[in-house]
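Asker: Chains as they are written, first to last, in the numbering used here: chain A, 156 to 445; chain B, 139 to 449.
We treat Cβ as the ideally placed atom computed from N, Cα and C, and that holds for glycine.
Encoded as structure tokens, here's the structure I'll be asking about.
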Amino acid sequence: MTVAASLARRRRRLVRRAGVNLLGLLVALITLFPIFWMISTAFKPATEWYSLTPHPLPAHPTLGNFRAVIDGNVIGLPYWNFLKNSLFVTLVSVVASSLIALLAAIALARFRFRFRTTYLIMLLIVQMLPQQALVIALFLDFRSLNLLDSLVGLIGVYTAFALPVTIWMLRNFVAAVPRELEEAAAIDGAGPMKVFWRILLPLVAPGLVATSVFAFVFAYNEFIFALTFLGTDTAKFTLPIYVQYFYGRNGANWGAIMAASTLFTVPVLAFFLLVQRRLRAGLVAGAVKG
Amino acid sequence: LRRRAALFARRHRLAPYLLLLPSAAVIAALVLWPTIQISELSFQNYGLQQEIGAAPAQWVGFGNYSHVLHDPEFWLSLRISVLSAAAMVPLTLVVGTLVGLLLSRLGRRMAAFVSSVSVLAWATPAVSASVIFVWLATPDGGIVDWLLSRLPSWLGGGAHWAAFSWTNSALPAYTLATAVVVWLGFPFVAVSVLAGLRTIPVELFESARVDGGGPWTIFWRVTYPLLRPIFQVLFLLSVIWDFGVFTQVFIVIGELGQRDEYNLGIYEYATAFTLPPAYGVASALAFILTIILLIITVGYVRASVKEGALQ
Chain A
156 MTVAASLARR RRRLVRRAGV NLLGLLVALI TLFPIFWMIS TAFKPATEWY
206 SLTPHPLPAH PTLGNFRAVI DGNVIGLPYW NFLKNSLFVT LVSVVASSLI
256 ALLAAIALAR FRFRFRTTYL IMLLIVQMLP QQALVIALFL DFRSLNLLDS
306 LVGLIGVYTA FALPVTIWML RNFVAAVPRE LEEAAAIDGA GPMKVFWRIL
356 LPLVAPGLVA TSVFAFVFAY NEFIFALTFL GTDTAKFTLP IYVQYFYGRN
406 GANWGAIMAA STLFTVPVLA FFLLVQRRLR AGLVAGAVKG
Chain B
139 LRRRAALFAR RHRLAPYLLL LPSAAVIAAL VLWPTIQISE LSFQNYGLQQ
189 EIGAAPAQWV GFGNYSHVLH DPEFWLSLRI SVLSAAAMVP LTLVVGTLVG
239 LLLSRLGRRM AAFVSSVSVL AWATPAVSAS VIFVWLATPD GGIVDWLLSR
289 LPSWLGGGAH WAAFSWTNSA LPAYTLATAV VVWLGFPFVA VSVLAGLRTI
339 PVELFESARV DGGGPWTIFW RVTYPLLRPI FQVLFLLSVI WDFGVFTQVF
389 IVIGELGQRD EYNLGIYEYA TAFTLPPAYG VASALAFILT IILLIITVGY
439 VRASVKEGAL Q
């Protein structure tokens, strides 16, 4: 092959490479646009977001929208109240579902027993039951148990609905721990509890992180149950319901609505950017295989 | 040693059941029991009278079901659910697959950038995404109408787009809801397809290219057959999610205001939770919705079994 031909080929490849990367950049920008627009609007004074020619960036950035949200102009309670509700419900249900799921995952990955396959299939089906159907029965049950307008009821529901996915994901992580390690420890005289604490738990820890992220996202974002159970008690609202209420009651004050939405969304997105590498592995291992 | 192992196994024969007990109890109490209750309620006339204790709940046989089947609003909502899923599922899958294929061709850094951005879209709460898209498409001050009214007419633009309301009737509202669903849903498809592509040996693509196959041929002759199990699972999951989509539609149509924009799930929810409540009829609707989704789920379970996920 002549030098010229090889140069031409290399140039062709470079051009194609640049074209593909340009396309990638375009896809990224389009995908990012709604998030960008939310944040940008949140910093705009009313004269700017209510303008007939939209500008990408605020000309006179203001914190007024955020102040309105944090001071609580709509419900009369500061934003922190709802953040606290959301974090409480989310963290407790994440811990509960991770612990319960770990026990189940050990059973499903380490033991052969009757009903094992039945249980796995049951989990797949449970995961698909429509929440807007079950919410009717749960609403009536919770009302007779005095669990409406209570964050405790929500925690129970979030734990239950996170379980199928977390069990499926954790099962793969437990199965990936070499059984020989546990057997060697058992032969050395370690009891089952010791094997669990010293061998299994440290090795499954990355899996627990991945599943916790899933349970976290589910509970932090959950809408139907919170909407239905917390209907009248605005002080108990979690953030998704708060943002929706804010949007419903605030007419068209888009600056404040976007500020509320930013305060709700951006912390999660920042968290995701930090853990995303591990998460993507878990996403594929757990969700597609499950 | 073997005897010790056998002893261990015998002593721990109950262990798996004990380990499963907590999860089984929670799921039974908060998922399975409500499902049974729904099916029971769907045969009773449980409504406002029964709620305030003015009259006892009575069994009405298939009364609620025949009421539903003669209800034009049910058929409208069912049609909306079917048609919107028919738009949402293929769009999500096609966009996701294209982005997945693109990701596999990008340089390392650009791929990392694009997939980080996609994860951001995926991680955005459905409530936020819906509110943002409603804002983007709002008639006064929204950027979508502004853009469309400035597009040349051969691209479908024009002055009639200025102050066009996207939420006042079903077709535009579901176009907007579809945009939200696709934006939230394509990253999952893209990342799954990308993970599948990584399992295909590069030589297969190279030899296909040497044989003169274009990208279209290579996708349908090499990529798709090899990734068929992944596509099958993604398809079924998308159908289940999009047929039952609630939050996005609830926010886009502006809560429960416009009855002619309800899909099946919203119609069922509104029947139960707007006054006067009709829990019995709503349970019949919920049961119908559940059965439809369970039928699709059977396909999903079979695809998962075939893929060897139960091993």
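1. Determine, for Gly279 of chain B, whether the minimum Cβ-Cβ distance to residues of chain A falls below 8 Å.
2. Closest Cβ-Cβ distance between Val265 of chain B and chain A: below 8 Å?
3. Cβ closer than 8 Å: which chain B residues qualify as neighbours of Asn376 of chain A?
4. Taking the alpha-carbon of Arg269 of chain A as reference, which of B:Leu431, B:Leu244, B:Ala153 has the nearest alpha-carbon?
5. Output yes if chain C places a C-beta closer than 8 Å to the C-beta of Leu356 of chain A; else output no.
6. Drop a sphere of 10 angstroms on the beta-carbon of Asp380 of chain B, count the other beta-carbons inside from all chains shown, and report buried for 16 or more, exposed for fewer.
7. Alpha carbon to alpha carbon, what distance is there between Thr202 of chain A and Met193 of chain A?
8. How big is the Cα-Cα spacing for Ala317 of chain B and Pro395 of chain A?
9. If you draw a straight line from the alpha carbon of Ala440 of chain A to that of Gly334 of chain B, how long is it in whole angstroms?
10. What's the C-alpha gap between Ile322 of chain A and Leu257 of chain A?
11. Measuring alpha carbon to alpha carbon, tell me which residue in A:Ala197, A:Ala315, A:Phe221 is nearest Trp171 of chain B.
12. Tell me which same chain residues have a C-beta within less than 6 Å of the C-beta of Ala315 of chain B, skipping the five on either side of it?
13. Thinking C-beta only, is Met413 of chain A closer than 8 Å to Ala365 of chain A?
14. For Val364 of chain B, would you say it is in contact with chain A, using Cβ-to-Cβ distances shorter than 8 Å as the test?
15. Does the stretch 360-375 of chain B touch the stretch 206-223 of chain B, meaning 3 or more C-beta pairs lie closer than 8 Å?
16. Should Ile429 of chain B be labelled buried (16 or more other beta-carbon atoms within 10 Å of its own) or exposed?
17. Using beta carbons (cut-off 8 Å, strictly below), is Phe351 of chain A in contact with chain B?
18. Return the bridge partner residues of Ala296 of chain B from the DSSP annotation.
19. Does the pairing of the stretch 298-309 of chain B with the stretch 408-422 of chain B give three or more beta-carbon distances under 8 Å?
20. According to DSSP, which residues form a beta bridge with Gln182 of chain B?
21. Between Val320 of chain A and Val359 of chain A, how many whole angstroms is the CB-CB distance? I'm expecting something under 8 Å.
22. Looking at the C-beta of Leu169 of chain A, does it have a partner C-beta in chain B at a distance below 8 Å?
23. Under the rule that 16 or more other beta-carbon atoms within 10 Å means buried, what is Pro216 of chain A, buried or exposed?
24. Looking at Thr412 of chain B and Leu394 of chain B, is the spacing between their C-beta atoms short of 8 Å?
25. Let me know if Trp321 of chain B comes out buried or exposed under the rule of 16 or more other beta-carbons within 10 Å of its beta-carbon.
26. Check whether the Cβ of Val439 of chain A lies closer than 8 Å to any Cβ atom in chain B.
27. From the beta carbon of Tyr458 of chain A, is the nearest beta carbon of chain B less than 8 Å away?
28. For Trp260 of chain B, which residues in the same chain have their Cβ closer than 7 Å to its Cβ, ignoring the five residues on either side in sequence?
29. In the structure shown, what three-state DSSP assignment does Leu173 of chain A receive?
30. Helix, strand or coil, according to DSSP, for Ile301 of chain B in the structure here?
31. Could you check whether the Cβ of Leu179 of chain B sits closer than 8 Å to any Cβ belonging to chain A?
32. Rounded to whole angstroms, what is the Cα-Cα separation between Tyr155 of chain B and Val281 of chain A?
33. I'd like to know whether the C-beta of Asn240 of chain A is nearer than 8 Å to at least one C-beta of chain B.
34. Looking at chain B, is there any beta carbon in it that lies within less than 8 Å of the beta carbon of Phe419 of chain A?
35. Mapping DSSP to helix, strand and coil, what is Ala192 of chain B?
36. Which residues in chain B have a C-beta closer than 8 Å to the C-beta of Val312 of chain A? List them in chain order.
Answerer: Put simply:
1. yes
2. yes
3. Pro263, Ala264, Val265
4. B:Ala153
5. Protein chains A and B are contained in the structure displayed, whereas chain C is not.
6. buried
7. 16 Å
8. 20 Å
9. Legend: pLDDT at Ala440 of chain A = 47, less than 50; position of this residue unreliable, no value from coordinates given.
10. 7 Å
11. A:Ala315
12. Gln386, Val387, Val390
13. no
14. Before going further, note that residue 364 of chain B is Leu rather than Val in the sequence given. By this cut-off, Leu364 of chain B is not an interface position.
15. Result no; under three Cβ-Cβ pairs closer than 8 Å.
16. exposed
17. Cβ-Cβ to chain B under 8 Å: no for Phe351 of chain A.
18. The residue asked about is misnamed: residue 296 of chain B is Gly in this sequence, not Ala. For Gly296 of chain B, no pairing in a beta bridge is given by DSSP.
19. no
20. Looking at the DSSP assignment, Gln182 of chain B forms a beta bridge with B:Trp197.
21. Between Val359 of chain A and Val320 of chain A the Cβ distance is about 16 Å, and since that is not below 8 Å, they are no contact.
22. no
23. It counts as exposed.
24. yes
25. buried
26. Bear in mind that a pLDDT of 48 at Val439 of chain A, under 50, signals an unreliable position, so the number given afterwards is only what the model happens to contain. Yes, contact with chain B.
27. The first residue shown for chain A is 156 and the last is 445, placing residue 458 of chain A beyond what the model contains.
28. When the five nearest sequence neighbours on each side are left out, the beta carbons in the same chain lying within less than 7 Å of the beta carbon of Trp260 of chain B are those of Leu322, Pro325, Phe326, in order along the chain.
29. Inspection of the sequence shows that residue 173 of chain A is occupied by Ala rather than by Leu. Helix at Ala173 of chain A.
30. The residue asked about is misnamed: residue 301 of chain B is Ala in this sequence, not Ile. Three-state result, Ala301 of chain B: coil.
31. yes
32. If I take the Cα positions, the gap works out to 19 Å.
33. no
34. yes
35. coil
36. Within chain B, the residues near Val312 of chain A are Leu168.
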